[in-house]
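To keep things clear, I will list the structure first and then write my remarks on it.
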Amino acid sequence: MSKLRYFDASGQKKPQVPALETLHSDFLRTGKIIRHKDNWVPEERRYLSYQEVAERTGRRLDAAGEQAHDRLNSFHRSIQLPKMIFHRTLDDRPHLGYCHVTASKTRFAQFDEVKWAFYIANFMADIGEDEKMISNLRRRGSRMYFAVAMQPDDERKKLTIDRKIRGNGVIFRTSDPKVALKNVLLLGARNEKLRDVIRSL
Numbered sequence: 001m002s003k004l005r006y007f008d009a010s011g012q013k014k015p016q017v018p019a020l021e022t023l024h025s026d027f028l029r030t031g032k033i034i035r036h037k038d039n040w041v042p043e044e045r046r047y048l049s050y051q052e053v054a055e056r057t058g059r060r061l062d063a064a065g066e067q068a069h070d071r072l073n074s075f076h077r078s079i080q081l082p083k084m085i086f087h088r089t090l091d092d093r094p095h096l097g098y099c100h101v102t103a104s105k106t107r108f109a110q111f112d113e114v115k116w117a118f119y120i121a122n123f124m125a126d127i128g129e130d131e132k133m134i135s136n137l138r139r140r141g142s143r144m145y146f147a148v149a150m151q152p153d154d155e156r157k158k159l160t161i162d163r164k165i166r167g168n169g170v171i172f173r174t175s176d177p178k179v180a181l182k183n184v185l186l187l188g189a190r191n192e193k194l195r196d197v198i199r200s201l
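Read the sequence shown against UniProt numbering and you will find it ends at 201, with the numbers running on by one and no gaps.
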């Protein structure tokens, strides 16, 4: 795959081209074709480094994570999830990434205690079957909301996906923000009565 190039379009202004009759009348009057900078030479594009693109993507992902966390914690005072916002961008495509929003533990299916983490990604993909978090990246699709079961890995001193849960560790995955909000609230609810209220919404 060829390496992607990014350019900064924020500072570009569309050239103000005078009306055609003005250009034509200037040519008739002076006999010269006027080649001003604003109507002849386009601004040279400033290409961004992968690091600059990753920083911009990270700021957007963090903002989306902050907004999602605020919405989750404003639903009910008994559901207060910790704010644990950080992001990762893809190495070869820094305009794509995912943001960790919150994590907690809950009773899930036949398991008494499941540690889980909630993420937002600005792309659609499958959750990887091996060490990679993301696989089978799709070009179409705007956002993906997902929660995965987590377990501590004592050898590497970090959390990894707990694949005992549903075979792949995925608790839910959706592109609908309302469904994602409802699912995270169900995971964060401490009692069945509150879960019934959330399910009825």
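Idealized CB from N, CA, C, for every residue including glycine.
(request) Find the nearest neighbour of F86 within the set I198, K3, R166, L61, judged by alpha-carbon distance. (result) Counting from one through the sequence shown, the residue named residue 86 turns up at place 86. Considering only alpha carbons, the answer is L61.
(request) Starting from the N-terminal side, write out each stretch of the beta strand (DSSP E) that is 3 residues or longer and does not extend beyond the region 57–93. (result) 86–89
(request) Would you kindly check if the distance between the Cβ of R5 and the Cβ of Y47 is under 8 Å? (result) Here residue 47 is taken as the residue at index 47 of the sequence shown, counted from 1. Here residue 5 is taken as the residue at index 5 of the sequence shown, counted from 1. Their beta carbons are under 8 Å apart, which means Y47 touches R5 by this criterion.
(message) Alpha carbons only, please: which of K132, V184, K178, I127 is nearest the one belonging to R166?
(response) Position 166 of the sequence shown, counted from the first residue, corresponds to residue 166. The option with the nearest alpha carbon to R166 is I127.
(request) Taking all protein chains shown into account, decide if A189 is buried (16 or more other Cβ within 10 angstroms of its Cβ) or exposed. (result) Your numbering for residue 189 matches position 189 in the sequence shown. Buried.
(request) Please classify S200: does DSSP put it in a helix, a strand, or coil? (result) For the purposes of this step, residue 200 is identified with residue 200 of the sequence shown, where counting begins at 1. DSSP places S200 in helix when its eight states are reduced to three.
(request) Report, in whole angstroms, the separation of the C-beta atoms of residue 218 and F123, which I expect to be a contact under 8 Å. (result) Here the chain comprises residues numbered 1 to 201, so residue 218 is not present and cannot be evaluated.
(request) Return the CA-CA distance between M84 and I198, expressed in angstroms with no decimal places. (result) By one-based count along the sequence shown, residue 84 stands at place 84. By one-based count along the sequence shown, residue 198 stands at place 198. M84 and I198: Cα-Cα distance of roughly 23 Å.
(request) Look at the alpha carbon of L20 and the alpha carbon of A68, and state the distance between them as a whole number of angstroms. (result) As a position in the sequence shown, residue 20 is number 20, starting the count at 1. As a position in the sequence shown, residue 68 is number 68, starting the count at 1. Model confidence at L20 stands at a pLDDT of 49, short of 50, so the residue's coordinates are unreliable; what they give is reported in the following sentence. Their backbone Cα atoms lie some 50 Å apart in a straight line.
(message) Do A147 and I120 count as a contact pair if the criterion is CB distance below 8 Å?
(response) Within the sequence shown, residue 120 is the residue found at index 120, counting from 1. Within the sequence shown, residue 147 is the residue found at index 147, counting from 1. Going by C-beta atoms, I120 is not nearer than 8 Å to A147.
(request) Count the CB pairs spanning the region 182–196 and the region 73–83 that are closer than 8 Å, and state whether there are at least three. (result) yes
(request) Find the nearest neighbour of A125 within the set N191, Q151, L28, S175, judged by alpha-carbon distance. (result) Sequence index remark: in the sequence shown, residue 125 carries index 125 (1-based). Cα-wise, what sits closest to A125 is S175.
(request) Put E192 into one of helix, strand or coil per three-state DSSP. (result) For the purposes of this step, residue 192 is taken as the residue at position 192 of the sequence shown. E192 falls in the helix class under three-state DSSP.
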